[in-house]
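Novice: Once you've had a glance at the structure underneath, I'll fire off some questions.
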Amino acid sequence: MLRQEEELYCGIFDSRILRKGSAKSTDRRVVFYELELFHEESGVSYVDGNRYPVRRGMLLCAKPGQIRHSEFPVRCSFIRIGANAGDDRELQALLASLPECTYLTDPKAVEELLGLFAGLSAHQITSLPPEQNMLRINAELLHILYRIVRLIRETPEDTSKRSVSRITREVYEYINEHYKESCSLEILSKAVNISANHLHTVFTRDMDMTPFAYAMQKRINDAKRLIMAGELTMLQIALEEGFCSQSHFNKVFLQLVGVTPIQYRKQLLEQY
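Numbering (the numbering used here), first residue to last: 139 to 410.
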């Protein structure tokens, strides 16, 4: 059980209001357990380099230590739970076991869960004595987690991939294994035994980016983690991620992130 109100923070995040004019958020390391239930089909969320196009009913469960950012606009109800979760090992284990992303498809269930999120947020504003209010908050939180577990079990595992073709899945898996190597259309088409033009068309349609762009995004996401670790030079990171030179790495990083690798490291250091 949570012991004090500071271990819980919840509400609604709307980038149109809170990040007005911003196209995306900066990378950040997750500190709390973060549960987010999205209101509409808009934007993209990234967790440890995994890309999740936002839809209404998308439930995101990020854990402490993960790296994440979002492409705006997004609107979601959220619950932040302290990493130690009141020193309750069972609660921590439950939160850690939740899948990173689930697309809930039952509209009534989504409405119910949105209402539960809102109710928990409302209970943080009360005239009750702290001890009584914490009992109520814990009861509401456990009820929400119980519903989330039930809904996840009732949701098919491949729900988020129903609109993705077999070709895209095969190319996606190949790139995930070989993105540090050359992932030209010629190499990809031979790997999945299909014409390069058709492969490019289908993958771009399903993923909203070209195969080359996806491979570059994977390299840059890896590079971000290495920069954050602070153990390698920029040249070492560039070579580790398959770039032919540091200048090429700098150019691609700037195009995808909006700052140079050096500026990115400086931003990370300024967060602490």
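Glycine included, C-beta positions come from ideal geometry on N, C-alpha and C.
Starting from the C-beta of ILE150, find all residues in its chain whose C-beta is less than 6 Å away, skip the five residues before and the five after it, and write them out in chain order.
Specialist: Excluding positions up to five away in sequence, the list reads SER215.
Novice: Among residues of its own chain, excluding the 5 on either side of SER160, which ones have a beta-carbon nearer than 8 Å to its beta-carbon?
Specialist: The residues are SER153 and PHE210.
Novice: Since LEU254 and ARG285 should fall inside the 8 Å C-beta cutoff, what is the C-beta to C-beta distance between them, to a whole number of angstroms?
Specialist: About 7 Å; that satisfies the 8 Å criterion.
Novice: Identify every run of the beta strand (DSSP E) within the region 179–224, keeping only runs that are complete inside it and at least 3 residues long; order them along the chain.
Specialist: For the region 179–224, whole beta strand (DSSP E) runs of length 3 or above, ordered along the chain, are 182–185, 188–191, 196–200, 205–209 and 213–219.
Novice: What does a CB cutoff of less than 7 Å around GLN384 pick up in its chain, not counting 5 residues either side in sequence?
Specialist: Result list for GLN384: MET372, LEU373 and ALA376, in chain order.
Novice: Just how far apart, CA to CA, sit GLU249 and GLY257?
Specialist: Going from the Cα of GLU249 to the Cα of GLY257 covers about 12 Å.
Novice: What does the alpha-carbon distance come out to for the pair VAL390 and LEU236?
Specialist: Approximately 34 Å between the Cα atoms of the pair.
Novice: Keeping to the same chain, check which residues put their C-beta closer than 8 Å to that of LEU337; ignore five residues upstream and five downstream.
Specialist: Excluding residues within five positions, the ones whose Cβ falls inside 8 Å are ILE305, VAL309, LEU323, LEU326, SER327, VAL330 and PRO349.
Novice: Can you find a C-beta in chain E that's less than 8 Å from the C-beta of ALA334?
Specialist: Here there is only one protein chain, and chain E is not present.
Novice: Might you give, ordered along the chain, the residues of its own chain that have their beta carbon closer than 6 Å to the beta carbon of ALA200, omitting 5 neighbours on each side?
Specialist: Within the same chain, ALA200 has close Cβ partners VAL168, GLU172, VAL185 and ARG206.
Novice: Straight-line CA distance for HIS281 to GLU238?
Specialist: Those two C-alpha atoms are separated by around 20 Å.
Novice: Go to GLN394, then tell me how far its alpha helix (DSSP H) extends in each direction, as first and last residue.
Specialist: Going by the sequence as given, residue 394 is Leu instead of Gln. Element bounds for LEU394: 384–395.
Novice: Among residues of its own chain, excluding the 5 on either side of GLU202, which ones have a beta-carbon nearer than 7 Å to its beta-carbon?
Specialist: As written in the sequence, residue 202 is Pro, which differs from the Glu given in the question. Closer than 7 Å at the Cβ level, and outside the excluded window around PRO202, lie VAL168, VAL169, PHE170, TYR171 and ALA221.
Novice: Check whether the Cβ atoms of GLU179 and ARG157 lie closer than 8 Å to each other.
Specialist: No, the Cβ-Cβ distance between GLU179 and ARG157 is not below 8 Å.
Novice: Straight-line CA distance for GLU145 to ASP165?
Specialist: Whole-angstrom Cα-Cα distance: 23 Å.
Novice: What span of residues does the alpha helix (DSSP H) with ASN310 cover, start to end?
Specialist: It is Tyr, not Asn, that sits at residue 310 in the sequence shown. It spans 304–316 - the alpha helix (DSSP H) in which TYR310 sits, taken as one unbroken run.
Novice: Within 10 angstroms of the Cβ of VAL212, are there 16 or more other Cβ atoms? Answer buried if so, exposed if not.
Specialist: Burial call: buried.
Novice: Enumerate in chain order the residues of its own chain whose CB-to-CB distance from SER333 is below 8 Å, with the five nearest sequence positions on each side excluded.
Specialist: For SER333, where only same-chain residues beyond five positions count, the Cβ hits under 8 Å are SER327.
Novice: Thinking C-alpha only, which one of GLU143, THR243, LYS318 and LEU370 is nearest SER259?
Specialist: Nearest of GLU143, THR243, LYS318 and LEU370 to SER259, Cα basis: GLU143.
Novice: Considering just the uninterrupted stretch of the alpha helix (DSSP H) at LEU254, what are its terminal residues?
Specialist: Counting along the chain, the alpha helix (DSSP H) containing LEU254 begins and ends at 245–260.
Novice: Tell me the DSSP secondary structure of LYS404 in three-state form.
Specialist: In the structure shown, LYS404 sits in a helix (DSSP, three-state: H, G or I).
Novice: When the distance is taken between beta carbons, is GLU379 closer than 8 Å to LEU370?
Specialist: No. Outside cutoff.
Novice: When the Cα atoms are used, what is the spatial distance from ASN359 to CYS382?
Specialist: In a straight line, the C-alpha of ASN359 is about 17 Å away from that of CYS382.
Novice: Just list the residues that DSSP pairs CYS148 with in beta bridges.
Specialist: DSSP lists ILE217 as partners of CYS148.
Novice: Report the rounded CA-to-CA distance for VAL397 versus ALA234, giving the unit in angstroms.
Specialist: One C-alpha to the other measures close to 32 Å.
Novice: When the distance is taken between beta carbons, is LEU289 closer than 8 Å to LEU242?
Specialist: A contact, by the Cβ cut-off of 8 Å.
Novice: Are there 16 or more other CB atoms within 10 angstroms of the CB of SER301, so buried, or fewer, so exposed?
Specialist: Because the pLDDT of SER301 is 48, which lies under 50, any placement of that residue in the model is unreliable, and the question is left without a value.
Novice: Relative to the alpha-carbon of LEU291, which residue among GLU319, TYR312, GLU269 and ASP244 has its alpha-carbon at the smallest distance?
Specialist: Checking the sequence shown, residue 291 turns out to be Arg, not Leu. It is ASP244 whose Cα lies nearest to the Cα of ARG291.
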